[in-house]
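Throughout the sequence shown, residue numbering follows our numbering, covering 6 to 175 in sequence. Everything on this sheet refers to the single structure shown next.
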Amino acid sequence: MYCSDSCFNMWHTHRLIVEHCLRCYGTEAVHPSTGEVSFELMEEKVCQFYAELLLRSVDKFDYHDFMQTWQQAVPEGMTTDTKYLKGLALRDVSGSSPAIWYFPVLALPHNPQSRFENLFSVREKWTHSDIEPYVRDLETPSQSLNAILLRYTRSSSDGRGERTYTSKII
């Protein structure tokens, strides 16, 4: 996507605002010979923006309706993917009415004990792939993600061999 002065004039807006949005949701490239600046939108960031926009407006969303609405909302040529929802939303597809809801990692407490209490109040049992986006930022050079999980959770394997975590606090 290339934006020239005529592009900014067409949108009747300030160049700085448009450039800020393009930098937030895209990558900038400068043509080596002409010096023209162009932006390529990043699918993951744009899809996450639309997912958040849709999910913030409701308490829970029917999972299948959400997936269809989300795909229709993103710009043509972009494809939504559940991996873009990690750390942004939780889904429960186990029951007869699969649902998804807004659950951003940024809204969780920074304190590890409080974070795990919050997580286990929302869901009793977590798979590794579900809990990882919500605790990854707690990792430090001196404490690995596995060490953090070992400290705050009980780990077991389900019948399929998938690692699951439950609260150590009773």
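Glycine included, C-beta positions come from ideal geometry on N, C-alpha and C.
Minimum Cα-Cα distance from isoleucine 105 among the listed residues Asp142, Ala34, Ile153, Gln73 corresponds to Gln73. One alpha carbon belongs to leucine 155, the other to leucine 95, and they sit about 22 Å apart.
DSSP, read as helix, strand or coil, puts serine 134 in helix.
Counting the other Cβ atoms within 10 Å of the Cβ of cysteine 29 gives fewer than 16, which makes it exposed. For the pair of segments examined, the segment 75-88 was found not to touch the segment 25-42: the number of CB pairs separated by less than 8 Å stays below three. Within the DSSP bridge table, the entry for arginine 165 names no partner.
In its chain, beyond the 5 residues on either side, Gln53, Ala56, Glu57, Pro109 have a beta carbon closer than 7 Å to the beta carbon of leucine 93. Secondary structure of aspartate 97 (DSSP, three-state): strand. Alanine 104: member of the beta strand (DSSP E) spanning 104-107, first to last residue.
Look at the beta carbons and you see the segment 80-91 not touching the segment 115-124: under three pairs across the two are nearer than 8 Å.
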